[in-house]
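Undergrad: Have a look at this one.
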Amino acid sequence: GAGVSQSPSNKVTEKGKDVELRCDPISGHTALYWYRQRLGQGLEFLIYFQGNSAPDKSGLPSDRFSAERTGESVSTLTIQRTQQEDSAVYLCASSSPGQYNSPLHFGNGTRLTVT
Amino acid sequence: AQSVTQLGSHVSVSEGALVLLRCNYSSSVPPYLFWYVQYPNQGLQLLLKYTTGATLVKGINGFEAEFKKSETSFHLTKPSAHMSDAAEYFCAVSESSARQLTFGSGTQLTVLP
Numbered sequence: 140g141a142g143v144s145q146s147p148s149n150k151v152t153e154k155g156k157d158v159e160l161r162c163d164p165i166s167g168h169t170a171l172y173w174y175r176q177r178l179g180q181g182l183e184f185l186i187y188f189q190g191n192s193a194p195d196k197s198g199l200p201s202d203r204f205s206a207e208r209t210g211e212s213v214s215t216l217t218i219q220r221t222q223q224e225d226s227a228v229y230l231c232a233s234s235s236p237g238q239y240n241s242p243l244h245f246g247n248g249t250r251l252t253v254t
Numbered sequence: 057a058q059s060v061t062q063l064g065s066h067v068s069v070s071e072g073a074l075v076l077l078r079c080n081y082s083s084s085v086p087p088y089l090f091w092y093v094q095y096p097n098q099g100l101q102l103l104l105k106y107t108t109g110a111t112l113v114k115g116i117n118g119f120e121a122e123f124k125k126s127e128t129s130f131h132l133t134k135p136s137a138h139m140s141d142a143a144e145y146f147c148a149v150s151e152s153s154a155r156q157l158t159f160g161s162g163t164q165l166t167v168l169p
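Chain order of the listed sequences is A and B.
So the mapping is simple: this note's numbering equals the position in the first sequence, first residue as 1, plus 139.
So the mapping is simple: this note's numbering equals the position in the second sequence, first residue as 1, plus 56.
Right, here's the structure in full:
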């Protein structure tokens, strides 16, 4: 596709439910990132995938959060037993292979509201 | 460890006035520095970046930023604000040894008619 695609664009869920967020990166981009943006705050790094290397999970806030990536394509971010503090916009980004200073291309995000 | 501080969460300027958005960074090695912009209801997009070479970097829409090592700063400027510049701006830093960008908390720019 032309850009990074995220779905759903909006998700409202009840506290305690599990949610799954999807990201389709730009074709050919081997690097994929998940960030979280809480209201009025900056972007918080969650997890990074690069090709077939082990992902960098250092930003995941708790074991309720997990992410997977199928090869160099789709990624899913799963949040189990959601809490109200999980409410945020979850952003996915991808970048060109082999260059750690390459610009990130962001999707429009998934706005998660936990009631 | 790398970090970014953006001074002023909200900045208002009149149309035609100078835009100055401040960014200071902390890095143990020479950094790579970025400015991203998020227009209303859109995703973040790259405005400009500094990696190596010339310290004055020009970006899209007339914006530019200057890397000042002595001040650990990378402030964003534009000589004359347009209404269409109203957006949220994020400064970000990346060290060569890091595989992720660290973002500042963002500055919301309002342009007044």
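C-beta: ideal position from N, C-alpha, C; glycine also.
Rounded to a whole number of angstroms, what is the C-alpha to C-alpha distance between Val113(B) and Arg78(B)?
TA: The residue you call residue 113(B) lines up with position 57 of the second sequence. The residue you call residue 78(B) lines up with position 22 of the second sequence. Whole-angstrom Cα-Cα distance: 15 Å.
Undergrad: Here's the rule I'm using: 16 or more other beta-carbon atoms within 10 Å means buried, otherwise exposed. How should Thr163(B) be labelled?
TA: Working through the second sequence from its first residue, we reach residue 163(B) at position 107. Flag for Thr163(B) reads buried.
Undergrad: Taking buried to mean at least 16 other C-beta atoms within 10 Å of its own C-beta, is Tyr2(B) buried or exposed?
TA: Coverage of chain B is limited to positions 57 through 169, which leaves residue 2(B) absent and any answer about it impossible.
Undergrad: For Asp163(A), return the contacting residues in chain B, with the cut-off set at a CB-CB distance below 8 Å.
TA: Taking the first sequence and counting its residues from 1, one reaches residue 163(A) at position 24. By Cβ distance, chain B contributes nothing, its closest Cβ being about 13 Å from Asp163(A), past 8 Å.
Undergrad: What does Ser161(B) touch in chain A if you count any residue whose Cβ is under 7 Å from its own?
TA: Locating residue 161(B) in the second sequence gives position 105, where the first residue counts as 1. Here the neighbours are Gln180 and Gly181.
Undergrad: Just mark Thr252(A) as buried or exposed, buried being the case when its beta carbon has 16 or more other beta carbons within 10 Å.
TA: If you number the first sequence from 1, residue 252(A) lands on position 113. So Thr252(A) counts as exposed.
Undergrad: The ligand GDP heavy atoms versus the CB of Ala142(B): any closer than 7 Å?
TA: Ligands in the displayed structure: none, and consequently the ligand GDP is not present.
Undergrad: Which residue from Glu207(A), Leu185(A) and Ser234(A) puts its Cα closest to that of Ala170(A)?
TA: Translated into the one-based positions of the first sequence, residue 170(A) becomes position 31. With distances taken between Cα atoms, Ala170(A) lies closest to Ser234(A).
Undergrad: Along the beta strand (DSSP E) that carries Gln189(A), what are the first and last residues, could you check?
TA: The residue given as residue 189(A) occupies position 50 in the first sequence. Run containing Gln189(A): Leu182 to Gln189, per the beta strand (DSSP E) assignment.
Undergrad: Quick check on DSSP: helix, strand or coil for Ile116(B)?
TA: As a working note, residue 116(B) is residue 60 in the second sequence. Ile116(B) falls in the helix class under three-state DSSP.
Undergrad: Throw me the rounded Cβ distance for the Val60(B) and Thr133(B) pair, which I believe falls under 8 Å.
TA: What you label residue 60(B) is simply residue 4 of the second sequence in a count that begins at 1. What you label residue 133(B) is simply residue 77 of the second sequence in a count that begins at 1. Going by Cβ atoms, the distance from Val60(B) to Thr133(B) rounds to 17 Å, so no, they are not a contact pair.
Undergrad: Measure the alpha-carbon distance for Asn149(A) versus Trp173(A) and round it to whole angstroms.
TA: What you label residue 149(A) is simply residue 10 of the first sequence in a count that begins at 1. What you label residue 173(A) is simply residue 34 of the first sequence in a count that begins at 1. Near 16 Å, if we compare the C-alpha coordinates of Trp173(A) and Asn149(A).
Undergrad: Got a sec: which bits of the segment 178-207 of chain A sit with their beta carbon under 7 Å from any beta carbon on chain B, in order along the chain?
TA: So the close ones are Gln180, Gly181, Leu182, Phe184, Tyr187, Gln189 and Asp195.
Undergrad: Which chain B residues sit within Cβ distance under 8 Å of Pro242(A)?
TA: In the first sequence, counting from the first residue as 1, residue 242(A) sits at position 103. Ordered by position in chain B, the residues that pass the 8 Å Cβ test against Pro242(A) are Phe90, Leu102 and Lys105.
Undergrad: Examine chain B for any beta-carbon lying closer than 8 Å to the beta-carbon of Gly167(A), and answer yes or no.
TA: As a position in the first sequence, residue 167(A) is number 28, starting the count at 1. Chain B contact via Cβ: absent.
Undergrad: With a cut-off of 8 Å on the beta carbons, I'd call Val213(A) and Asp163(A) a contact; round off their distance for me.
TA: Sequence index remark: in the first sequence, residue 213(A) carries index 74 (1-based). Sequence index remark: in the first sequence, residue 163(A) carries index 24 (1-based). That belief holds up - the Cβ atoms of Val213(A) and Asp163(A) are roughly 6 Å apart, short of 8 Å.
Undergrad: Within 10 angstroms of its Cβ, does Glu69(B) collect 16 or more other Cβ (buried), or is it exposed?
TA: By one-based count along the second sequence, residue 69(B) stands at place 13. Strictly speaking, residue 69(B) in this sequence is Val, with Glu absent from that position. Per the 10 Å Cβ criterion, buried.
Undergrad: Among the candidates Phe123(B), Ser126(B), Ala137(B) and His131(B), whose CA atom is the shortest distance from the CA of Asn117(B)?
TA: Reading the second sequence from its first residue, position 61 is the one you call residue 117(B). Nearest option by C-alpha distance: Ala137(B).
Undergrad: Kindly indicate which three-state DSSP category Glu71(B) falls into: helix, strand or coil?
TA: Residue 71(B) sits at position 15 when you count from the first residue of the second sequence. If DSSP states are grouped into helix, strand and coil, Glu71(B) belongs with coil.
Undergrad: Where does Glu153(A) sit, in a helix, a strand or coil, going by DSSP?
TA: Translated into positions along the first sequence, residue 153(A) becomes position 14. Three-state result, Glu153(A): coil.
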